[in-house]
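First up is the structure itself, then whatever we jot down about it.
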Amino acid sequence: MSADGRIVWLACSGLLALAFPVGVGWMTTRGKAPSDGQGGQLLAVALLALFVAGTVGFSLLYGAVHFSSLGEEPRPSWQWEPFGEGSGLVAWGGIGTQALDTPARAALFLLEAAGTLSVVAIALAPVLGKLNAPGWVAAAVAIAGLIYPVLGHWAWGGGWLAATGRTGYLGHGFVDPGGAGLHYALGGLLALAGLVATGSRHRGPARGGNPTPPAMLLTFSGMVWLQLGSTHTLSPELGTMALNTLASATAGGLAAALYMAFTTTRLRSDMLGRGLLAGTACAAGLAPLASTLTNVLAGAVAGCLACLGSYLIERVWKLEDSAGLVPAFGLGGLWGTLAVGLFADGRWGVGLNGIGATRYLGVPGQGVTGILFLAPGMSPDFGQLAAQVLGLAVIVGWGLGIGWLCFRLASIRTAWLKR
5 MSADGRIVWL
15 ACSGLLALAF
25 PVGVGWMTTR
35 GKAPSDGQGG
45 QLLAVALLAL
55 FVAGTVGFSL
65 LYGAVHFSSL
75 GEEPRPSWQW
85 EPFGEGSGLV
95 AWGGIGTQAL
105 DTPARAALFL
115 LEAAGTLSVV
125 AIALAPVLGK
135 LNAPGWVAAA
145 VAIAGLIYPV
155 LGHWAWGGGW
165 LAATGRTGYL
175 GHGFVDPGGA
185 GLHYALGGLL
195 ALAGLVATGS
205 RHRGPARGGN
215 PTPPAMLLTF
225 SGMVWLQLGS
235 THTLSPELGT
245 MALNTLASAT
255 AGGLAAALYM
265 AFTTTRLRSD
275 MLGRGLLAGT
285 ACAAGLAPLA
295 STLTNVLAGA
305 VAGCLACLGS
315 YLIERVWKLE
325 DSAGLVPAFG
335 LGGLWGTLAV
345 GLFADGRWGV
355 GLNGIGATRY
365 LGVPGQGVTG
375 ILFLAPGMSP
385 DFGQLAAQVL
395 GLAVIVGWGL
405 GIGWLCFRLA
415 SIRTAWLKR
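For the sequence shown, the numbering used here gives the first residue as 5, with consecutive numbering after it.
What follows is the structure, given as structure tokens:
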């Protein structure tokens with residue numbers, strides 16, 4: 005596919021992926037029209053996150069990357085590698101329009117804008133009512149301008165996490181094709197950190213939310229476009245990826261329905277929707293890497309995890325997450341990230357991150373590989389599993405640690421102003 009075609013695909017998929025943060029905002033209002041104050045907060049958060057992402061976030065994430073596949077010429081950039089090649093911690097490609105001065109980067113920004121808004125929406129939606137204006141402004145700036153882009157640089161922008169295949173002989177390095185870890189797991193973990201830091205608890209049984217199938221389906225649609233756009237190209241493999249995503253999402257929803265039927269003898273549409281979204285979040289990691297049947301299995305596990313996580317959040321920890329964003333996205337994304345190291349069958353990702361361009365583990369044409377359900381002739385790769393576990397540890401530590409600090413400072417500021 006030509007560079008011009010790739011740029012058009014990125015721009016279109018990025019714009020369509022904006023349905024995801026819109027759907028998340030709709031979910032948190034329980035399917036009702038938001039009040040003037042609530043609607044104003046949601047819109048202000050989105051606009052602020054877009055501004056910060058365009059000003060500094062994109063440069064921090066992709067400042068050290070040269071997109072030759074999009075027809076981009078080499079450009080000056082800076083990356084801090086304190087321990088030599090493959091140890092990149094921070095990059096910078098210029099502020100604002102300096103980093104968005106080509107059609108390729110402008111189109112890629114549209115896709116990353118949807119990704120940034122997704123993380124911000126998942127993280128802030130459950131706690132938005134607990135923070136005043138300075139609090140949520142500070143949190144939105146921190147997430148869009150530091151927390152997400154720095155982690156994104158480590159995994160997608162030529163940073164140390166993606167390079168662990170070369171520096172630590174851990175498979176192909178950390179692999180996250182569609183953002184299972186960087187979008188959904190990170191967003192869910194930030195939301196959990198925010199709920200804990202702001203003390204967002206309820207008394208007694210969790211309050212049942214109104215079913216919001218249209219909001220969940222809108223969110224699902226945005227997630228699919230965000231994942232398809234992450235390929236950066238319009239190719240025949242997109243059909244298989246879309247099928248695998250749909251299979252995983254369907255399995256997640258049905259598994260959640262069966263779980264509820266056996267444990268409570270009744271079906272809750274919100275729980276079915278959480279299973280659907282958890283299966284989709286899981287597919288963001290596994291859809292291009294494994295067979296349809298394997299994605300069905302992984303999606304079913306994600307749906308069950310969403311139900312178990314909902315019980316833990318609502319009944320055990322008594323945190324007020326009425327939309328179920330933490331179990332649906334957080335657990336679904338974490339499981340999808342780990343599933344890459346377990347179920348990747350080796351047919352995709354040849355030469356990814358500079359590993360095995362012609363032969364890997366003695367097998368010609370072997371790509372990213374897990375340890376189970378491999379394609380014929382592929383060798384299991386425990387190094388890839390180790391890379392995914394390392395990536396999970398980094399995402400959990402970064403999301404909960406930095407996230408808790410961010411929301412704690414924001415909530416302290418809010419409490420001080422109320423006095």
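From the three backbone atoms N, C-alpha and C, an ideal C-beta is built for every residue, glycine too.
Which of helix, strand or coil DSSP assigns to residue i
i    : result
A95  : strand
D325 : coil
W352 : coil
Y66  : helix
T141 : Looking at the sequence shown, residue 141 is not Thr but Val. If DSSP states are grouped into helix, strand and coil, V141 belongs with the helices.
R278 : helix
R363 : strand
P292 : coil
W13  : helix
P368 : strand
T424 : This structure gives no information on residue 424, because the portion of the chain shown stretches from 5 to 423.
T373 : strand
W30  : helix
W164 : coil
Distance between residue j and residue i (C-alpha atoms, nearest Å)
i    : j    : result
S63  : Y263 : 44 Å
T268 : M220 : 22 Å
S239 : S415 : 46 Å
A259 : G374 : 24 Å
V141 : L135 : 9 Å
A348 : S234 : 18 Å
I11  : Y66  : 16 Å
C410 : S383 : 43 Å
G182 : A189 : 12 Å
L222 : Y315 : 25 Å
V300 : L196 : 27 Å
L378 : L338 : 21 Å
R109 : D180 : 20 Å
V49  : I126 : 12 Å
C308 : A265 : 12 Å
V26  : L356 : 33 Å
I317 : L335 : 12 Å
G9   : P138 : 42 Å
P209 : Q45  : With a pLDDT of only 46 at P209, under 50, the local geometry of the prediction cannot be trusted, and the value read off the model is given with reservation. About 28 Å.
S81  : E324 : 43 Å
Short Cβ contact (8 Å threshold) for residue i with residue j
i    : j    : result
G256 : A306 : yes
A435 : G18  : The structure shown does not extend to residue 435, since the chain spans only 5 to 423, so no value can be given for it.
R170 : G360 : no
G279 : C311 : yes
V123 : H187 : yes
G277 : P217 : yes
L155 : W402 : yes
L242 : L250 : no
Among the options, the one whose alpha carbon lies nearest that of residue i
i    : options                : result
A57  : V145, A21, H70, A125   : V145
L193 : V398, I416, L238       : V398
S252 : A302, L293, I359       : A302
T120 : L389, L51, D274        : L51
Q392 : A166, R79, L232, G366  : A166
S295 : A265, A68, N248        : N248
A103 : I126, Q45, F87, V69    : V69
G172 : G395, G313, L276       : G395
L297 : D274, A327, M245, E324 : M245
T450 : W82, A265, L389, G133  : Any property of residue 450 remains undetermined from this structure, which presents the chain solely from 5 to 423.
W13  : G27, T254, S73         : S73
A7   : W30, F71, L47          : F71
F224 : A15, C16, G9, W30      : W30
L404 : F87, G366, G198, L413  : G198
S326 : V28, Q45, L376, V400   : V28
Quick check: the region 319-336 against the region 145-161, are at least 3 beta-carbon pairs closer than 8 Å? Judged by Cβ distances under 8 Å, the region 145-161 makes no contact with the region 319-336, as fewer than three pairs qualify.
Do the region 340-357 and the region 278-296 make contact, defined as three or more Cβ pairs closer than 8 Å? yes
Within 8 Å, do at least three Cβ pairs link the region 88-106 to the region 159-170? yes
Between the region 6-20 and the region 224-235, are three or more C-beta pairs nearer than 8 Å? yes
Is the region 173-182 touching the region 99-115 in the sense that three or more CB pairs, one from each, lie closer than 8 Å? no
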